[in-house]
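J.: Got a structure for you, written out below as structure tokens; questions coming shortly.
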Amino acid sequence: MVVVRAHRRFGAVEALRGLDFVAPYGEVTGLVGPNGAGKTTLLLAMATLLQLDTGSVRIAGHDPQTNARAVRAVMGWVPDVFGVYDNLTSWEYLRFAGECQGLGRERAVVRATELLAVARLAEYRDQPVHVLSRGQKQRLGFVRALLHSPRVLLLDEPAAGLDPHSRVELRSLLRRLAGEGAAVVVSSHVLSDLEQMADRVVFVDHGVVIGERRMTELGPSIGVQKWRVRALDAAMLTTALTNYGLAHDVTPTGVELEVASEEEVAQLVRRLVADGVPVVASTPVTSSLEAAYLGLTRGEG
Amino acid sequence: MLTVARLELTIRVRAGRWRWLLGGWFVVLLLFTFLLRAALPDTSSLYGHRGTVMYGALQLFMLGLALVVMPALTSQSVNGDRERGTLGVLQVTQLSAFDIAAGKLLAAWGTGCLFLASSAPLVVWCMAEGGVPAFRVFVVSLVMALLIGVVCAIALGLSSLLARSTTSSVLSYASMFALTVGLLVLFGLATETTRQTVTVHYGGSGTGTEQVTRTDHTWWILAPNPFVVLADAAPVAPLRQHCFSVGVGSGGTQTVCNSEDDGFDPLGSISRAVRSLRAPPDVGASALTSDRPRAALVWPYGLGFDLALGGFLLLVTTRRLRTPRLQLPRGVRIG
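Going line by line, the protein sequences match chains D and A.
Using the numbering used here, you'd call the opening residue of the first sequence number 271 and step up by one each time.
Using the numbering used here, you'd call the opening residue of the second sequence number 90 and step up by one each time.
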């Protein structure tokens, strides 16, 4: 799936300004950016709902601008906000959606039953949708996009409103779909979710891509970073740090200080242990993805 | 298309409100028919059939009620779905824009026809009172069903054109008002502008001037009015026999019977009125001579216009549902 030089303007607002984007099959691609960066616009263009002013999009070889029907046959879309028909039962909702997707009545019945199980909603099969919780509705909407077994899956903020348990499940489901060869695009600003979900993260701001990272590359950190060190005896730790001449802040969860590299962290920990400080934890305050994201947006601003 | 219609109907049936609406609809019609029946004098002073009057009045009343109730069936169906976020999900399926538009119209129209069908017992009552041929019922019901379809299509079109569901609701009621009262007022005003003075030659050598309005130039303004369409499309009610005695030369009397239009038939009265508007002014003729030939039909033009309007708005809806979209209504996110 490829997007090239996408431009889209809403009145005075330029939502996309020549954005290039590729999401390969078999991978989960994360789409990260502040609110209003153009994530949703990009997803809508890929989901055949929005025409671009200029630029081209290819989804599984088809152009959503000219051949939306072909794209819709292989693409599943989960919008950030969506409604469900309150008066239908969960199973009916999926069955109707399947028929709309052109599955045929019998196939729709089979898929509705299968996906209800995937969404862990089998027990709510004959319950009207309005009795479902927010997270359950979210799961129902998510499996709706899977009815026609799409090869390309677009998710706009899928983790919003999900409980931790459902998040973990969503993560493993997306990983499984990617493993089966689908191209999955997930937009989010919940970075910690993407960190464990995505193979690659693309950073978007002001309608352009400002950087991208493979998750494997994100490991070693770049530049000055905040680390949190915790010891059984907090007083001993602060004394030691003061002796080393290191500036530090004391917070309820530990002592925070700025380090230039991970080597420096290792060195510090070795020294603390040698001096008899009972160190129990040493972790980055910001996740590596967050650090990369903040680094990029700071550079932009 | 049928999938969408089935989906919409299922949702409607589940919502349950329609039961109350249908119940209220029937009770109002029943009350109307009952009171009308009680108010009518007996057959001898009507010179005609009580059923003819009852049926005509019931149908006109029902049409009026339909114009109030039916816009509600579709006036929020596109923008309401957009507000609830269920439209976008439907648009990214294999359904075409026309499938969605026509499916929504079909579901609404079907519901409207169900309302129409619910009045069947009252129609049977009217038929039992006499003077209501089955053919008349057939034609009037058919035209009524078509008009209900047009009302649904107008409201559907407005709901696709306007971003907010409250605005489109108000506007669809306003358009019903325009089609009925609005056209009547427009016709009245337009007709006044055609007033002209003509010279009239009375028999012999007498001449004079007379003011006439050329309703034959403005009748078409009134034609799309649903009441006019319904009344004019109705086949003529059974003629009534009007008998009276006349003196014959030798002092005896003779009973003469005339067949004439039922003057108390509401549908027929409207029909005769609008058809006479279409005819050129009958300058100089006495008002008493009503032997003028029946003027040409009005309803084919009115119904034709109404159906074209409905079809046009269905097309508009389809266009507005087409994706990918280039323009978005102000302040609206697709979703």
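Idealized CB from N, CA, C, for every residue including glycine.
Considering just the uninterrupted stretch of the beta strand (DSSP E) at residue 345 of chain D, what are its terminal residues?
T.: 345-348
J.: Quick one: which chain D residues come within Cβ less than 7 Å of residue 412 of chain A?
T.: 318, 319, 338
J.: Whole angstroms is fine: what's the gap from residue 376 of chain A's alpha carbon to residue 294 of chain A's?
T.: Residue placement at residue 376 of chain A is flagged as unreliable, the pLDDT there being 44, under the threshold of 50; the coordinate-derived value follows with that caveat. Roughly 21 Å between the two C-alpha positions.
J.: Can you pull the chain D neighbours of residue 92 of chain A, defined as C-beta to C-beta under 8 Å?
T.: In chain order: 366, 369, 370.
J.: Output the boundary residues of the alpha helix (DSSP H) element that contains residue 365 of chain A.
T.: It spans 355-367 - the alpha helix (DSSP H) in which residue 365 of chain A sits, taken as one unbroken run.
J.: Which two residues bound the contiguous beta strand (DSSP E) that contains residue 401 of chain D?
T.: Run containing residue 401 of chain D: none; DSSP gives neither H nor E here.
J.: Taking its Cβ as the centre, do 16 or more other Cβ atoms sit within 10 Å of residue 285 of chain D, making it buried, or is it exposed?
T.: buried
J.: Going along chain D in order, which residues have a C-beta closer than 8 Å to the C-beta of residue 137 of chain A?
T.: Within 8 Å of the CB of residue 137 of chain A, no CB atom of chain D is found; the nearest one sits about 49 Å away.
J.: With a Cβ-Cβ cutoff of 8 Å, do residue 157 of chain A and residue 248 of chain A count as a contact?
T.: Going by C-beta atoms, residue 157 of chain A is not nearer than 8 Å to residue 248 of chain A.
J.: Using three-state DSSP, classify residue 295 of chain A as helix, strand or coil.
T.: coil
J.: Short of 6 Å in beta carbon distance, which residues of its chain neighbour residue 413 of chain D, apart from the five on each side in sequence? Order them along the chain.
T.: For residue 413 of chain D, where only same-chain residues beyond five positions count, the Cβ hits under 6 Å are 385, 388, 389.
J.: Taking 8 Å as the threshold (C-beta atoms), are residue 192 of chain A and residue 97 of chain A in contact?
T.: yes
J.: Should residue 99 of chain A be flagged as near chain D, meaning a C-beta pair shorter than 8 Å?
T.: yes
J.: By the criterion of Cβ-Cβ separation under 7 Å, what are the contact partners of residue 325 of chain D in chain A?
T.: None at all; the shortest Cβ gap to chain A is about 13 Å.
J.: Quick check on residue 183 of chain A - is its C-beta less than 8 Å from some C-beta in chain D?
T.: yes
J.: What are the residues in the region 251-263 of chain A lying within 8 Å of chain D by C-beta distance?
T.: none
J.: Starting from residue 194 of chain A, find everything on chain D with Cβ-Cβ shorter than 8 Å and list it in chain order.
T.: Per Cβ cutoff of 8 Å: no residues; residue 194 of chain A is ~17 Å from chain D at best.
J.: Under three-state DSSP, which class holds residue 317 of chain D?
T.: coil
J.: Name, in chain order, the residues that DSSP records as bridge partners for residue 334 of chain A.
T.: A/344
J.: Any C-beta of chain D sitting closer than 8 Å to the C-beta of residue 178 of chain A?
T.: With respect to chain D, the C-beta atom of residue 178 of chain A has a partner C-beta closer than 8 Å.
J.: Please list, in chain order, all residues of the same chain as residue 228 of chain A whose beta carbon is under 7 Å from its beta carbon, the five residues on each side excluded.
T.: Taken in chain order, the residues that qualify are 322, 323, 324.
J.: By Cβ distance, which residues of its chain are closer than 8 Å to residue 401 of chain D, with the 5 residues on each side in sequence left out?
T.: 394
J.: Against chain D, with Cβ distances strictly below 8 Å, would residue 104 of chain A count as a contact?
T.: Closer than 8 Å to some Cβ of chain D, the Cβ of residue 104 of chain A qualifies, so yes.
J.: For the alpha helix (DSSP H) that residue 445 of chain D lies in, which residues bound it at each end?
T.: 434-449
J.: Taking 7 Å as the limit between beta carbons, can you name the residues of its chain near residue 367 of chain A, skipping five residues before and five after?
T.: Closer than 7 Å at Cβ, skipping near neighbours: 305, 308, 384, 385, 387.
J.: Taking DSSP as the reference, what is the three-state secondary structure of residue 519 of chain D?
T.: strand
J.: Around the Cβ of residue 305 of chain D, are there at least 16 other Cβ atoms within 10 angstroms (buried) or fewer (exposed)?
T.: exposed
J.: If you draw a straight line from the alpha carbon of residue 287 of chain D to that of residue 383 of chain D, how long is it in whole angstroms?
T.: 43 Å
J.: Does residue 378 of chain A come out as helix, strand or coil in the three-state DSSP assignment?
T.: Residue confidence is low: residue 378 of chain A scores 45 on pLDDT, short of 50, so the model does not pin down where it sits. Its coordinate-derived value is still stated next. The three-state secondary structure of residue 378 of chain A, taken from DSSP, is coil.
J.: Hey, is residue 162 of chain A's beta-carbon within less than 8 Å of any beta-carbon in chain D?
T.: no
J.: Enumerate in chain order the residues of its own chain whose CB-to-CB distance from residue 379 of chain D is below 7 Å, with the five nearest sequence positions on each side excluded.
T.: 365
J.: Measure the CB-CB distance between residue 333 of chain A and residue 345 of chain A and report whether it falls below 8 Å.
T.: yes
J.: Beta-carbon of residue 334 of chain D versus every beta-carbon of chain A: anything under 8 Å?
T.: yes
J.: Per DSSP, what kind of secondary structure is residue 454 of chain D in: helix, strand or coil?
T.: strand
J.: Under three-state DSSP, which class holds residue 293 of chain D?
T.: coil
J.: Tell me, which residues are paired with residue 473 of chain D by DSSP?
T.: D/302, D/481
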